[in-house]
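Everything in the sequence shown is counted per my numbering, starting at 609 for the first residue and increasing by one. All C-beta atoms in this analysis are idealised placements derived from N, C-alpha and C, irrespective of residue type, glycine included. Values in this document were obtained by computation on a predicted structure and should not be read as measured data.
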Amino acid sequence: MESIQAIKQRFGIIGNDAKLNRSIEKAIQVSPTDISVLVTGESGVGKESIPKIIHQLSHRKHGKYIAVNCGAIPEGTIDSELFGHEKGAFTGATSTRSGYFEVADGGTIFLDEVGELPLTTQVRLLRVLENGEFIKVGSSKVQKTDVRIVAATNVNMFEAIKKEKFREDLYYRLSTIEINLPPLRERKEDIHLLFRKFASDFALKYKMPTVKLTDDAIHLLVKFRWNGNIRQLRNVAEQVSVLEQHRTINSATIKNYLPETGSNLPAVVNNSKSESDFSSEREILYKVLFDMKSDLNDLKKLTMKLMETGSSSEVQKDNEHLIQKIYGEDKDDDFDSSIENLEVLAIPEHSEVDDTTEQDTDDKYHFAEEIEEEETLSLHDKELELIKKSLERHSGKRKLAAAELGISERTLYRKIKQFDL
Ligand SMILES: Nc1ncnc2c1ncn2[C@@H]1O[C@H](COP(=O)(O)OP(=O)(O)O)[C@@H](O)[C@H]1O
Ligand SMILES: [Mg+2]
């Protein structure tokens, strides 16, 4: 059996924490069997390495390894993604398709964020776990597959069961063995080790000398709460490596990279996610409202321009960017350099950001904007809050935050500037 140290090296896992070692040891022990494993731990603790270790050390290592993020697949298509569908099963099913459970026959499937699976899919999953049987969507033929399941979650499954969002029988079936990864704040000894590793990786990547921490900076990092865990630490190491001229970093400098909320506050017991169903629904509604408002404002601008010039081809040429935003996919390259030229603003407020484009529109337009302002203000606060939360959740990673908010990275960048975040 490969030693824990060798596995860590092979899978790029840094740290000597006893709990981390125990988790890796468990993964090694369970790998030769077909037992289902549930990996638990907060977001960013490194859960994704565990199923990889299990697959690579198992007799399935030459079979397929498929990682599925259950939270990222729309509810309407998840059954078809996992189990496949027959031709004509639903509108758009123009041919028969194999799902992951068929494709991964003889291999391993990693079901990340398994707590997000819809209840109907949970029923199908339970069946496949119990006897290897599944049925394609729109078919009546029972098929067999031989797949090993490793699942992961960062939500409190007991709470999900209590709220009837997760089937208890499936939970027990999935978690025959549970491997829990400790949060970074409980692995204080590993913090500097991880920072040094990331700093040296980024120095190599960006061809710059490696940043070094002073003792007081190390002390600050060790005391910090790291709600985003290793993902957040990696992010901080990257930002510091790229942005700091002086390569010796003291506590005053590193402080600028840490969100204030995280420092020494007492731990909020477990996941906010599991408790905030109502607030996340509200967030979704706000988001829909912002998106609609943003589209409406864009359309208003286009209409005004059309009315002014009376030439659709000219407007089309001059407003390619705007049209693209409303009707098509955003191209996100180069958003930094184009920021000054942006004509579209989701919700016009504080005049400095958009008065250049509004000057030449007529009174009617201004009037329309004015009567909107009151409701806009409170929406603004909500939007600000939404963006802040999302950035926090993703440790400042704009790409992830933008994806979560359903806006382009460029739009997010613009909003960060607008709100002075
Ligand atoms: N022990 C570790 N050593 C080095 N990098 C790690 C370690 N744990 C996590 N990471 C890195 O942190 C990031 C988050 O890990 P990930 O497995 O995606 O977290 P989770 O799935 O638990 O949210 C990844 O970039 C991963 O490579
Ligand atoms: Mg993950």
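- Given a length threshold of 4 residues, each whole run of the alpha helix (DSSP H) inside the region 790 to 848 is given here in chain order: 796 to 813 and 823 to 831.
- Distances from the alpha-carbon of E786 to those of L866, Q637 and D903 put Q637 closest.
- Taking C-beta separations shorter than 7 Å and ignoring five residues to either side along the sequence, the partners of G714 in its chain run R668, G671 and D754, following chain order.
- Between K925 and M900, the alpha-carbon positions lie close to 24 Å from each other.
- With a threshold of 8 Å, the Cβ atom of K660 does not count as near ligand 2, since no heavy atom of the ligand is closer than that.
- Taking 8 Å as the cut-off, the C-beta of A626 does not count as close to any heavy atom of ligand 2.
- No Cβ-Cβ contact shorter than 9 Å links I717 with V750.
- The closest CA to that of G1014, considering only L994, F1027, E1000 and K805, is found on L994.
- E1000 places its beta carbon 9 Å or farther from that of N762.
- Secondary structure of R756 (DSSP, three-state): strand.
- In this structure K655 is buried. Its beta-carbon is surrounded by 16 or more other beta-carbon atoms within 10 angstroms.
- Distance between K913 and I661, taken at the CA atoms: about 58 Å.
- By the Cβ criterion, the region 676 to 690 is not in contact with the region 626 to 635, since fewer than three pairs of Cβ atoms, one from each stretch, lie closer than 8 Å.
- Counted as a single uninterrupted DSSP element, the alpha helix (DSSP H) harbouring T1019 occupies residues E1017 to F1027.
- T784 is positioned such that its CB atom lies no closer than 9 Å to that of V647.
- Your pair G746 and A825 does not check out as a contact, with CB atoms roughly 59 Å apart and the cut at 8 Å.
- Separation of K831 and T704 (C-alpha to C-alpha, rounded to the nearest whole angstrom) is 55 Å.
- Listed in chain order, the non-local C-beta contacts of S657 below 7 Å within the same chain comprise F619 and I621, local neighbours out to five positions each way being set aside.
- Unbroken alpha helix (DSSP H) runs of no fewer than 4 residues, entirely contained in the region 618 to 691, are found at 626 to 638, 657 to 664 and 683 to 691, following chain order.
- Here the distance from the Cβ of S1003 to the nearest heavy atom of ligand 2 is not below 8 Å.
- Bridge partners of F709 according to DSSP: none are assigned.
- Of all alpha-carbon atoms in K813, F803, Y814 and R833, the one lying nearest the alpha-carbon of K820 is that of F803.
- In terms of Cα proximity to L930, the closest of S902, T917 and M915 is S902.
- Taking A635 as the centre and dropping the five residues before and after it, the same chain places the C-beta of I658, I661, I662 and I787 closer than 7 Å to its C-beta, in chain order.
- In the DSSP assignment, N788 falls outside any alpha helix (DSSP H) and lies within the beta strand (DSSP E) extending over I785 to N788.
- Placement of the Cβ of K655 at a distance of less than 8 Å from at least one heavy atom of ligand 2 is found.
- Counting along the chain, T716 sits inside the beta strand (DSSP E) bounded by residues T716 to D720.
- Within the model, the alpha-carbon separation for Y708 versus T856 is close to 48 Å.
- With a threshold of 8 Å, the Cβ atom of E776 does not count as near ligand 2, since no heavy atom of the ligand is closer than that.
- Set against 8 Å, the gap from the CB of A680 to the closest heavy atom of ligand 2 is not smaller.
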